[in-house]
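J.: Here it is: the structure, laid out below.
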Amino acid sequence: MAIYLETVALPYPLRWTLEYVAKVCKDLGLHRKLPDGKSKLGSAELEHRSRMFWSVFLLDQKLALQFGTTPIYRSEEVEIDEPGKNDMTDLISEGSALAISGTPQSIMLMQSLIAISRFIGPISRLNPQSNNAECQMNHIEQQLDDLENDFPQHILAWKNSDPLDPVLLDGMAPSCYWLWVLIF
20 MAIYLETVAL PYPLRWTLEY VAKVCKDLGL HRKLPDGKSK LGSAELEHRS
70 RMFWSVFLLD QKLALQFGTT PIYRSEEVEI DEPGKNDMTD LISEGSALAI
120 SGTPQSIMLM QSLIAISRFI GPISRLNPQS NNAECQMNHI EQQLDDLEND
170 FPQHILAWKN SDPLDPVLLD GMAPSCYWLW VLIF
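Numbering (the working numbering), first residue to last: 20 to 203.
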């Protein structure tokens, strides 16, 4: 819904909708890591939970940068593992190319975008009047340059215009349903 609102140029309803969803995710504690041994969720559910949260996180960071507002989530308070860190064997059928090739391209892209978006908060909190502002800016710029060099360029090459691997649709259906329920 948030992505749709952005494409039809309704930025403020988009921001309000995303703020609502992000606050619900925060109230549910989706940004917190579940204590070991106390979780009744399987690896597939943990992966769904992770992807749902990080999708909201990415949109929150992007819109905060776009509108010049403070992100709802500070990257320092996020404890949950990034997508692909949990066991995904339940999500990938044994006969698929993903089961053989390793990390899906969509996960590689999402991990890179998460790494980059973690700098939006520190950049927005940068104080140009402080004594070490230039040093902080140079440090952030160096880290962003390193991330740019590590970005999976082969994914975005136009000559390789094959679609990205599916985001494990069978496994993601329950997560998408609950995200839809949270929004409405």
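Built from N, CA and C at the ideal position, the CB exists for glycine as well. All figures in this text were calculated on a predicted structure; none of them were measured in a lab.
Starting from P141, trace the alpha helix (DSSP H) both ways and give me its first and last residue.
T.: Residues I139 to S143.
J.: Measure the Cβ-Cβ separation of I99 and K52 and say whether it is below 8 angstroms.
T.: Contact: yes.
J.: Where do the N-terminal and C-terminal ends of the alpha helix (DSSP H) with I133 fall, by residue?
T.: Unbroken alpha helix (DSSP H) run through I133: Q124 to S136.
J.: Out of curiosity, what's the CA-to-CA distance linking Q80 and R137?
T.: Those two C-alpha atoms are separated by around 8 angstroms.
J.: Rounded to whole angstroms, how far is the Cβ of A41 from the Cβ of V75, which I believe are closer than 8 angstroms?
T.: Right, the Cβ-Cβ distance comes to about 5 angstroms (below 8 angstroms), so this counts as a contact.
J.: Just curious, the alpha helix (DSSP H) that Q155 is in, first and last residue?
T.: That run of the alpha helix (DSSP H) goes A152 to D169.
J.: Nearest to G48 by CA position, among G140, P141, Q130 and W73, is which residue?
T.: For G48, the nearest C-alpha among the options comes from W73.
J.: Can you tell me whether S69 is helix, strand or coil according to DSSP?
T.: Helix.
J.: CB-CB under 7 angstroms to E38, same chain, minus the five flanking residues each way: which ones, in chain order?
T.: Around E38: I91.
J.: Given this structure, state the Cα-to-Cα distance separating Q124 from R68, to the nearest angstrom.
T.: Near 19 angstroms, if we compare the C-alpha coordinates of R68 and Q124.
J.: Between the C-alpha atoms of P171 and E153, what's the straight-line distance to the nearest angstrom?
T.: Straight-line Cα distance between these residues: approximately 29 angstroms.
J.: Using C-beta distances below 7 angstroms, list every residue in its chain close to L132, excluding the 5 sequence neighbours before and after it, in chain order.
T.: Excluding positions up to five away in sequence, the list reads L77.
J.: In chain order, what residues of the same chain lie with their CB nearer than 6 angstroms to the CB of I135, ignoring the 5 residues before and after it?
T.: Within the same chain, I135 has close Cβ partners L166.
J.: Taking the straight line between their C-alpha atoms, what separation do you get for E64 and M127?
T.: Roughly 20 angstroms separates the two Cα atoms.
J.: Nearest to Q130 by CA position, among I139, K104, Q162 and I142, is which residue?
T.: Of the candidates I139, K104, Q162 and I142, the one whose C-alpha sits nearest the C-alpha of Q130 is K104.
J.: Could you give the distance in angstroms between the alpha-carbon of D164 and the alpha-carbon of D55?
T.: Cα to Cα, the separation comes out at about 36 angstroms.
J.: So, are the CB atoms of P102 and R144 less than 8 angstroms apart?
T.: For P102 and R144, no; Cβs fall outside 8 angstroms.
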